[in-house]
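Engineer: I am attaching a structure below and will ask some questions about it afterwards.
Numbering (my numbering), first residue to last: 43 to 406.
As structure tokens, then:
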């Protein structure tokens, strides 16, 4: 088993001799939380360091791909933490957290090096199904078409995969090959191999009178899956999003394009400096162009594109009953206020009670 916490002794030289410093490093899912034995994909995590090593940041390395991510250490009570960070599958775009690409079964190394020593720790990536959904643009125009992408990575083979997609009234969804429509939803036509990244896409057509924020729902019984991606429909777009989705060859807006800017789109934007492009809510200023150049150099999305992860799906439990309460409601009610006779009337359901060997007395 790969250990997630390593305790070492660091020796620091001083004028009077050698001082032993105890230090510890590990992964946790929240600040100050307990160490974890595996890292889930798509969930924020932290690296913590106890002890003074003099390190200023943590280097994360995927030992399979050698992809790296460096995050700064910050003080937290007696410890120091780095994060939050997130593991994401290939081709995911997220600016929610600093991210490192990974697949189930990979091993992540966290390494620190400081003036008084260094520490290393490894942690495996969770062997579990990963799913996530993302729109090609976080905000769209009424009447536009946008691409919705669902990623699936499963630890075991998926011989069958059926999906349901619930849309707001008036919206339409067209699956892109190889995803196909069925009478009950959508179906992937072949089995998905273990640890294989399957990309499922739909073209979502938005009504021309739509406006506001809308929630869609993707579900699958095979994966016990439910994801609720959210998208905003607005009359204008930020200029950065408009440039990233401008089809330069056809000279038109295409919101199904990726939310990243290309070199051709960047040249097109520079040629329109100072102009307000139709459907843009602001002009292409010097600041906007500079931001686009930086995004192009770094290869990152021009605006945060939310990554929607599965939500917990639990069976509804029946409501708790009050002590003595029947799940059928009130069955009978005898007040015993007749004062005479050998029968007590039921005011709830007509179940009269026969009384034997009784005597009536004045109530208190």
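Glycine included, every Cβ here is placed at the ideal spot set by N, Cα and C. Just so we're clear, the structure is a prediction, and the values are computed from it rather than from any experiment.
Where does residue 312 fall in DSSP's three states?
Structural biologist: Of the three classes helix, strand and coil, the one that applies to residue 312 here is helix, per DSSP.
Engineer: Go to residue 244, then tell me how far its beta strand (DSSP E) extends in each direction, as first and last residue.
Structural biologist: 240-247
Engineer: Name the DSSP bridge partner or partners of residue 288?
Structural biologist: Paired residue(s): 295.
Engineer: Pop quiz: residue 155 and residue 83 are said to be a contact at Cβ under 8 Å. What is the actual Cβ separation, rounded to whole angstroms?
Structural biologist: Not confirmed; about 27 Å, so no contact.
Engineer: Quick check on this structure: which residue in 142, 228, 232, 158 has the alpha carbon closest to the alpha carbon of residue 151?
Structural biologist: 142
Engineer: Exposed or buried, which one is residue 72 when buried takes at least 16 other CB atoms within 10 Å?
Structural biologist: Of the residues assessed, residue 72 falls on the exposed side of the cut-off, its CB having fewer than 16 other CB atoms within 10 angstroms.
Engineer: Could you give the DSSP three-state label for residue 139: helix, strand or coil?
Structural biologist: coil
Engineer: Starting from residue 330, trace the beta strand (DSSP E) both ways and give me its first and last residue.
Structural biologist: From DSSP, residue 330 is part of no beta strand (DSSP E) but of the alpha helix (DSSP H) over 328-340.
Engineer: Assign residue 238 to one of two classes, buried (16 or more other C-beta atoms within 10 Å of its C-beta) or exposed (fewer than that).
Structural biologist: exposed
Engineer: Out of curiosity, what's the CA-to-CA distance linking residue 199 and residue 231?
Structural biologist: Rounded to whole angstroms, residue 199 to residue 231 spans 14 Å at the Cα level.
Engineer: Label residue 122 either buried or exposed according to how many other C-beta atoms from any shown protein chain fall within 10 Å of its C-beta, with 16 as the threshold for buried.
Structural biologist: Taking a 10 Å sphere around the C-beta of residue 122, we find 16 or more other C-beta atoms and assign the residue as buried.
Engineer: Classify residue 217 as helix, strand or coil using the three-state DSSP reduction.
Structural biologist: It is a strand residue.
Engineer: Using DSSP bridges, identify the partner residues of residue 99.
Structural biologist: 114
Engineer: Going by DSSP in three states, residue 281 sits in which element: helix, strand or coil?
Structural biologist: helix
Engineer: Look at the alpha carbon of residue 370 and the alpha carbon of residue 387, and state the distance between them as a whole number of angstroms.
Structural biologist: Unreliable placement is indicated for residue 370, whose pLDDT of 40 sits below 50; the coordinate value is still reported in the next sentence. Each residue's Cα considered, the two are about 20 Å apart.
Engineer: From which residue to which residue does the beta strand (DSSP E) around residue 317 run?
Structural biologist: Careful: residue 317 lies outside any beta strand (DSSP E) and carries neither H nor E.
Engineer: Take residue 301 as the anchor and find which of 234, 274, 345 has the nearest alpha-carbon.
Structural biologist: 345
Engineer: For residue 297 versus residue 216, is the C-beta spacing smaller than 7 Å?
Structural biologist: Not in contact: residue 297 and residue 216 (Cβ atoms no closer than 7 Å).
Engineer: Given that a residue counts as buried once 16 or more other Cβ atoms are within 10 Å of its Cβ, and exposed if not, what is residue 295?
Structural biologist: buried
Engineer: Between residue 189 and residue 245, how many whole angstroms is the CB-CB distance? I'm expecting something under 8 Å.
Structural biologist: 6 Å
Engineer: Are the CB atoms of residue 166 and residue 252 within a distance shorter than 7 Å?
Structural biologist: Residue 166 sits away from residue 252, with the two beta carbons spaced by 7 Å or more.
Engineer: Quick check on the DSSP output: the beta strand (DSSP E) that includes residue 122 runs from which residue to which?
Structural biologist: Where residue 122 is concerned, the enclosing beta strand (DSSP E) stretches over 121-130.
Engineer: Whose CA, out of 236, 324, 247, 272, lies closest to the CA of residue 212?
Structural biologist: 247
Engineer: For residue 417, tell me which candidate among 328, 65, 306, 305 has the shortest Cα-Cα distance.
Structural biologist: Residue 417 lies beyond the stretch modelled for the chain, which goes from 43 to 406, so this question has no answer here.
Engineer: Run through DSSP, which three-state label would residue 264 get?
Structural biologist: coil
Engineer: Quick check on the burial criterion: 16 or more other C-beta atoms within 10 angstroms. Buried or exposed for residue 266?
Structural biologist: exposed
Engineer: Please state whether DSSP places residue 306 in a helix, a strand or coil.
Structural biologist: DSSP places residue 306 within a helical segment (H, G or I) once states are collapsed to three.
Engineer: Determine the closest residue to residue 86 out of 103, 287, 124, 225, with distance taken between C-alpha atoms.
Structural biologist: 124
Engineer: Once DSSP output is grouped into helix, strand and coil, what is the label at residue 157?
Structural biologist: The answer is coil: DSSP assigns residue 157 none of H, G, I, E or B.
Engineer: Mind checking which residues open and close the beta strand (DSSP E) that includes residue 209?
Structural biologist: No beta strand (DSSP E) holds residue 209; DSSP gives it neither H nor E.
Engineer: Beta-carbon separation of residue 303 and residue 334 under 7 Å?
Structural biologist: yes
Engineer: Based on the DSSP secondary-structure assignment, which residues constitute the bridge partners of residue 229?
Structural biologist: 204, 222
Engineer: Please report the straight-line C-alpha distance between residue 260 and residue 270, rounded to a whole angstrom.
Structural biologist: A straight-line Cα-Cα distance of about 6 Å links residue 260 and residue 270.
Engineer: Could you have a look at residue 345 and say whether DSSP puts it in helix, strand or coil?
Structural biologist: coil
Engineer: For residue 299, which residues in the same chain have their Cβ closer than 6 Å to its Cβ, ignoring the five residues on either side in sequence?
Structural biologist: 287
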